[in-house]
Each structure stands twice: as structure tokens, then as C-alpha cells.
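For reference, the structure discussed in these notes is given below.
Structure representation (C-alpha cells):
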């Protein structure tokens, strides 16, 4: 199972595009990438989840950890997601109130 | 238990890379055999992933190399996925509560969302846990998928001469 992670920069924000399935097997790679970005001094991050086919609570936990990490540097971590099946797990766990979730990358980095 | 029952059992090594396989197999069985909409199949996939993730973690903590067992069974009215581990067990009533999402402390909780997600995504959850392991049963209320109509096989086509003799 593949998880593709691609980092670009837009308006001074690190945009991390995630493609594939995020679960207990692949989530550690997402965590490492987020830690790496914060270590590089990138404290404004947008995680683009439009290419994500599956995400469970392990993936949610990694994103919560990333948000905590950037906030400790007065930064922020936003999400891009319009897929109902992915948004559903955020809604059930109440995390739609914790993350700012946008329809497009342009909107997220504005 | 109502109606006829059938069961399919899958044993997976208790390792993270096999959770995707468990999701794939269970969702394939459910979508081919049961009358479930695509979004309900997605719900079941997440629930299976959560249950298997917990089972694998239980085996890691218990240092056991036993496989995790996944049993799909069905009746006329329900599809049930039982995920069984041989870990040390837990008390479902003692699961920690998360602070409300508006509380900054909420960000200190990266784990423990699995069981609440399962409870919301499937129609019923039964958890039996003891010192010998845990069984989580995920219940989806649904009928069987529409089977091929028997009339489809009442065809009038002619069997070519000699075809019946072709078989040994």
C-alpha cells in the first residue's frame, strides 16, 4: 500500500499533498514528514487530503499531533478536504471544530 | 439467530501492513453479498480498520505472535464482522473520556478515537474482553444482495449437437 507525500510551497505556506491510504501502517510516514517540516522551521502548513482514499483514527491522531506541534511555534495547520467519506471521520470525532478545513489549497493558503 | 448463517474466517499476522488487506477482504465480501450502499461499505471499512488496529496493538503489548482472527458471518438481516485478538483484554467501560474539542487540552489526545468511531459508524457493536483476549463484533443491519433470478437459467436455447457428449 502506497502513501505519496509531496511538499510544495505557496504564499509562504508548506503544502503537503497526501495521496493514498492513511492507517496504522502508513501514518508513521505522515508523522515523520510533519515533524520534518516543523524542524525545518515551517510552522504554517496545509495538508491537502484530496488524494486520500482512506483515513482512520490513526491518521486523525497524526494530524492532531501535527497541529499541536505547529501551534507550539505559534503556527497553524489547515486541511484541504471536500470528500464526504473523509470529512465524516472528522465530523464524528468533533475535529471539524479543531481544524480549519478548506475546499481548495488556494483558499487554505490565502 | 434468524435465517441461515454462513461464515468466512480470515487470519492475519498481527502486523500493521495487514490491516489494509483486512479492510479489502471484508469490504469485498460485504459489497458482493449484502445490500449495502457504498457509503455504508466505507463506514464498515473504517470500523474494521479501527478494530484490527486495536487488536494488533493488543498483540504487540502482550508480545504474542498469534494471528488476529476476522470472522464474517451473515444472516438474513445482518452482516457481522468479529475481530478477535489474544491480547490482555480491557474493560470497555473504563475507556478514557476526551476533553471537549473546544478545550486546548484536546490536542494532547492523539489516540483513543477508534472505539467512538466504531460505535458511530456501524449499527451495533458488541465487545467481549477477558484476560485471554478481546472480541469486537461489528454489526451491520442489511439484507442479502439481490441474487440472480432463478428464471434467468430457464432458457430455451438449443444445445448444439454433440455438446452433451463432449464431457468425459
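Protein chains in written order, with the numbering used here: chain A, 1 to 110; chain B, 111 to 278.
Built from N, CA and C at the ideal position, the CB exists for glycine as well.
Predicted, not measured: the structure shown is a model, and the values here were computed from it.
Residue pairing by DSSP places residue 151 of chain B opposite no residue, since no beta bridge is assigned to it.
For residue 107 of chain A, there is no enclosing beta strand (DSSP E); the residue is found in the alpha helix (DSSP H) stretching over 105-109. Using a Cβ distance threshold of 7 Å, residue 246 of chain B and residue 161 of chain B count as a contacting pair. Identification of chain B residues near residue 75 of chain A by a Cβ-Cβ cut-off of 7 Å yields none; the smallest Cβ-Cβ distance measures about 13 Å. Counting the other CB atoms within 10 Å of its CB gives residue 144 of chain B a total of 16 or more, which places it among the buried residues. Close CB contacts of residue 51 of chain A within its chain, under the 8 Å cut and outside five residues either way in sequence, are with 4, 17, 18, 19 and 20 (chain order). The criterion of a C-beta distance shorter than 7 Å is satisfied by residue 109 of chain A and residue 13 of chain A. With 16 or more other CB atoms across the displayed protein chains lying within 10 angstroms of its CB, residue 184 of chain B is buried.
Chain-ordered, the chain B residues with CB closer than 7 Å to the CB of residue 54 of chain A read 155. When the Cα atoms are used, residue 78 of chain A and residue 106 of chain A turn out to be separated by approximately 12 Å. At a beta-carbon threshold of 8 Å, the residues of chain B lying near residue 92 of chain A are 226, 227, 230 and 231, ordered along the chain.
For the C-beta of residue 60 of chain A, the chain B residues within less than 7 Å are, from N- to C-terminus, 223.
Look at residue 72 of chain A: its C-beta is not under 7 Å from any C-beta on chain B.
When secondary structure is reduced to three states using DSSP, residue 160 of chain B falls in the helix class. Residue 86 of chain A is not bridged by DSSP to any residue. Residue 24 of chain A belongs to the set of residues whose beta carbon lies under 7 Å from a beta carbon in chain B. Close CB contacts of residue 49 of chain A within its chain, under the 8 Å cut and outside five residues either way in sequence, are with 18, 55, 79, 80, 81, 83 and 86 (chain order).
CA-to-CA, the gap between residue 254 of chain B and residue 187 of chain B works out to about 7 Å.
Burial state of residue 140 of chain B is buried, judged by a 10 Å Cβ sphere holding 16 or more other Cβ atoms. Fewer than three pairs of CB atoms, one per stretch, sit closer than 8 Å, so the region 144-153 of chain B makes no contact with the region 193-202 of chain B. For residue 140 of chain B, the three-state secondary structure derived from DSSP is helix. At a cut-off of 3 residues, the continuous stretches assigned as beta strand (DSSP E) that sit fully inside the region 4-55 of chain A are 13-22 and 44-55. Taking residue 159 of chain B as reference, the option from A:73, A:11, A:57 and A:102 with the minimal CA-CA separation is A:57. Minimum Cα-Cα distance from residue 122 of chain B among the listed residues B:163, B:251 and B:201 corresponds to B:163.
A direct Cα-to-Cα measurement between residue 157 of chain B and residue 248 of chain B gives close to 7 Å.
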